[in-house]
Amino acid sequence: MQSIFIYYASFLCLLSQLVRGQSIDPLNNFCKRIDHQTVIKNGKLYIDGGLQAFVENNWDGAHDGNITVGYNKYLIEIDMSESWDWKKNLSTVALNKTENPDTGSNPPQVVRGALYAGRPNYNKIYLYGGTTSLRNTSFPGWLPQSSAQYTLWSYDTVTKEWDQYDVSDAAPLRPTSGAYAEAPEQGLAFYFNGQIDQGSAVNTQLLGPAKRFLKGMIAIDTNNQTARNISTDLVVADYPRTRGKMAYLPGAGEKGILAILGGSSKHVEDNSDKTTGQYVPMDEVIIFDINSLYNGDNNETWYKQKVTGAIPEPRIDFCLVAISAPDNSSHNIYMYGGRDSTSVFDDIYILSVPSFTWTRIYQGQSPRAYHTCHVAGNRQMITIGGDKTTKIEEGCDWETKSVAVYDLTELKWGSVFNAKAAPYEVPKQLSKTIGGGAQGRADITAPKDGFQQKGLAQLFGQQLDDSEPTPPDVSKGITGGAIAGIVIGVIAAFAMVSGGIFFVYRRRRGQNDLKPQGGPFNSHPAELLAPHEAKPQTYELPPNTRPVELPGEAIAELPPSYQIIDSTDRSDDGDNAGNR
46 MQSIFIYYAS FLCLLSQLVR GQSIDPLNNF CKRIDHQTVI KNGKLYIDGG
96 LQAFVENNWD GAHDGNITVG YNKYLIEIDM SESWDWKKNL STVALNKTEN
146 PDTGSNPPQV VRGALYAGRP NYNKIYLYGG TTSLRNTSFP GWLPQSSAQY
196 TLWSYDTVTK EWDQYDVSDA APLRPTSGAY AEAPEQGLAF YFNGQIDQGS
246 AVNTQLLGPA KRFLKGMIAI DTNNQTARNI STDLVVADYP RTRGKMAYLP
296 GAGEKGILAI LGGSSKHVED NSDKTTGQYV PMDEVIIFDI NSLYNGDNNE
346 TWYKQKVTGA IPEPRIDFCL VAISAPDNSS HNIYMYGGRD STSVFDDIYI
396 LSVPSFTWTR IYQGQSPRAY HTCHVAGNRQ MITIGGDKTT KIEEGCDWET
446 KSVAVYDLTE LKWGSVFNAK AAPYEVPKQL SKTIGGGAQG RADITAPKDG
496 FQQKGLAQLF GQQLDDSEPT PPDVSKGITG GAIAGIVIGV IAAFAMVSGG
546 IFFVYRRRRG QNDLKPQGGP FNSHPAELLA PHEAKPQTYE LPPNTRPVEL
596 PGEAIAELPP SYQIIDSTDR SDDGDNAGNR
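The opening position of the sequence shown corresponds to residue 46 in the working numbering, with each subsequent residue numbered one higher.
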């Protein structure tokens with residue numbers, strides 16, 4: 046009772062600012078922020094949405110007053126064109142999110158969505174997905190759930206205007222908590238799996254505390270604001286993931302690859318609020334070949350590869366950045382922080398490919414989860430937000446401006462961002478694992494136990510030894526109708542039946558308004574394919590992999606290495622935006 050009184054007392058104190066004509070400022074009243082979405086575009090860092098804890102004052106980094114939990118209603122902009130020290134001279138602006146001038150609709154106020162930069166020579170950034178947090182619906186300016194019809198929005202960084210797009214033919218739901226990345230020079234954005242919950246849209250409110258995991262990967266062409274739904278069945282089967290992360294490696298393959306790591310997984314039909322899922326082990330990575338989108342035959346290509354080395358503990362809510370050696374002999378994915386059901390981590394690992402080895406390069410005492418991070422200034426990692434606990438109302442962030450800086454070459458933390466930093470070099474600690482030196486020349490350019498698929502080796506300009514058996518092409522034994530029938534498993538409509546919710550699954554392929562733009566989508570017919578008309582997709586899986594039966598009644602087994610998350614642990618505090 047006393048804690049409730051203190052909470053409302055502090056909230057009323059903040060509300061008094063409104064009476065005096067002042068608003069609750071995301072900068073001056075900053076305490077901490079989590080579950081936001083961020084992107085760097087044209088020399089600016091943009092921070093959108095998320096949960097935020099507020100205090101009465103945050104002057105010169107000194108937090109003063111009780112904590113109130115609310116939302117970041119603004120688009121926060123940080124100048125990245127000049128060097129700064131976040132302890133001394135960080136330039137930050139909070140921009141009002143104004144309604145779409147053409148429709149009068151407000152841009153969504155979400156947590157755990159995705160923010161994309163789009164093409165470098167375009168002015169727009171893109172907001173996709175996310176969920177409405179129900180943590181404090183009485184917070185001034187809170188916006189309720191919106192329709193799932195417009196899940197893609199853009200913000201013009203020059204005109205300061207918002208716009209909205211209907212991609213519901215390919216993506217009928219508003220996903221949240223998925224892994225995302227983009228290939229900006231191609232104008233392509235990706236969103237892998239994810240979930241829906243009661244905050245996803247108006248028609249999902251009856252889900253209550255349940256979280257429904259979603260199969261499939263949404264590919265968005267930001268050049269013409271269209272989308273396409275890609276099956277992920279043969280890499281996650283019926284156990285899609287949430288809260289994992291994705292990295293884009295432009296130097297691998299003809300048009301780059303996507304690497305997907307970690308997260309939590311549960312059966313697509315598990316709709317309960319008692320189980321949050323199983324942690325995904327970090328000894329395997331999923332790879333997607335972006336060039337396969339351009340083939341024009343719906344034969345998107347996925348791979349799985351085992352990794353070795355200092356394998357991290359399974360986790361969720363971490364962040365990834367990727368950067369390549371100067372000579373492109375290694376592509377290095379830095380993983381920072383995250384949490385499991387009992388711990389929040391303060392560590393940094395590098396997954397280096399094509400050796401597919403983990404190296405731990407940092408272990409500290411200041412854990413962080415629910416944050417985001419980006420490569421900036423040639424060789425630095427900028428981290429944004431996060432929390433050292435799973436309780437946002439407990440304490441403020443010691444990084445009082447919500448950012449920190451890590452040198453990816455020197456492997457050192459600091460407060461200074463150097464906009465003119467020297468080019469990236471491979472850190473010595475990593476070279477001890479993969480060989481070579483600062484400029485690259487990695488000695489180890491293949492996995493310890495070899496590539497599991499011939500096609501994956503070819504993405505890195507290598508060939509499997511002719512004496513090695515070629516892994517079977519399991520997709521050839523699967524009919525196109527079977528693939529189309531189970532391929533994405535997303536919820537296309539909701540209807541109340543006997544006080545419950547009836548979920549209708551349907552593969553949504555194509556886009557009614559696709560326009561030929563010379564991109565990866567223009568070779569596909571602008572129509573929805575019936576199951577018997579759908580074309581099969583090509584996948585390569587490791588040898589000795591048991592094919593998953595594709596009809597809806599199929600039984601899929603969990604790998605024995607999956608770790609069960611206790612439904613009573615404190616991870617539940619951070620897994621539902623409405624309960625945090």
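Positions of the beta carbon are idealized from the N, C-alpha and C atoms, including for glycine. As the structure is a prediction and not an experimental result, all values here were calculated from the model.
With the rule of 3 Cβ pairs closer than 8 Å, the stretch 367-376 does not count as touching the stretch 269-283.
Taking a contact as a CB-CB distance under 8 Å, the pair Tyr348 and Gln498 counts as one, their CB atoms being some 5 Å apart. Less than 8 Å divides the Cβ of Phe363 from the Cβ of Gly307. When secondary structure is reduced to three states using DSSP, Ile92 falls in the strand class.
The continuous alpha helix (DSSP H) containing Gly500 extends over residues 499-504. Taking a contact as a CB-CB distance under 8 Å, the pair Asp318 and Leu504 does not count as one, their CB atoms being some 41 Å apart.
The three-state secondary structure of Gln250, taken from DSSP, is helix.
Separation of the CB atoms of Lys300 and Gln231 is rounded to 7 Å, and the pair is thereby assigned contact status at 8 Å. Per DSSP, the beta bridge partners of Trp198 are Leu172, Gln209.
Going by C-alpha positions, Ile406 is about 8 Å away from Asp392. Around the beta carbon of Asn166, a 10 Å sphere encloses fewer than 16 other beta carbons of the protein chains shown; the residue is thus reported as exposed.
DSSP places Thr346 inside the beta strand (DSSP E), whose first and last residues are 346-351. Taken through DSSP and simplified to helix, strand or coil, Thr83 comes out as strand. For the pair Lys290 and Val325, the Cα-to-Cα distance works out to about 11 Å.
When secondary structure is reduced to three states using DSSP, Ile437 falls in the coil class, being assigned neither helix nor strand.
Secondary structure at Thr204: coil, using DSSP grouped into helix, strand and coil. Exclusion of the five residues before and after Asp147 leaves no residue of its chain whose Cβ lies closer than 6 Å to its Cβ. Between the C-alpha atoms of Trp207 and Asp201 there is a straight-line separation of about 6 Å. The beta carbon of Thr428 sits closer than 6 Å to the beta carbons of His416, Cys418, Ala449 from its chain, once the five residues preceding and following it are set aside; these are given in chain order. Annotation for Thr478: the continuous alpha helix (DSSP H) segment containing it runs 473-479. If you look at Val330, you'll find it in the beta strand (DSSP E) that goes 329-334. Look at Leu259 here: in three-state DSSP terms it is coil, with no helix or strand label. Per DSSP, Asp124 is one residue of the beta strand (DSSP E) stretching across 119-124.
Secondary structure of Asn141 (DSSP, three-state): strand. For Ala193, the closest alpha carbon among the candidates Asp242, Thr143, Pro412, Phe184 is that of Asp242. Here DSSP, grouped into helix, strand and coil, assigns Asn316 to coil.
With contacts defined by Cβ atoms closer than 8 Å, Ala98 and Val114 form a contacting pair.
The continuous beta strand (DSSP E) containing Leu160 extends over residues 159-161.
From the listed residues Leu197, Ala464, Ala215, the smallest Cα separation to Asp452 is found for Ala464. For Thr287, the closest of Tyr119, Thr137, Gly175 by C-alpha to C-alpha distance is Gly175. The continuous alpha helix (DSSP H) containing Val281 extends over residues 278-281.
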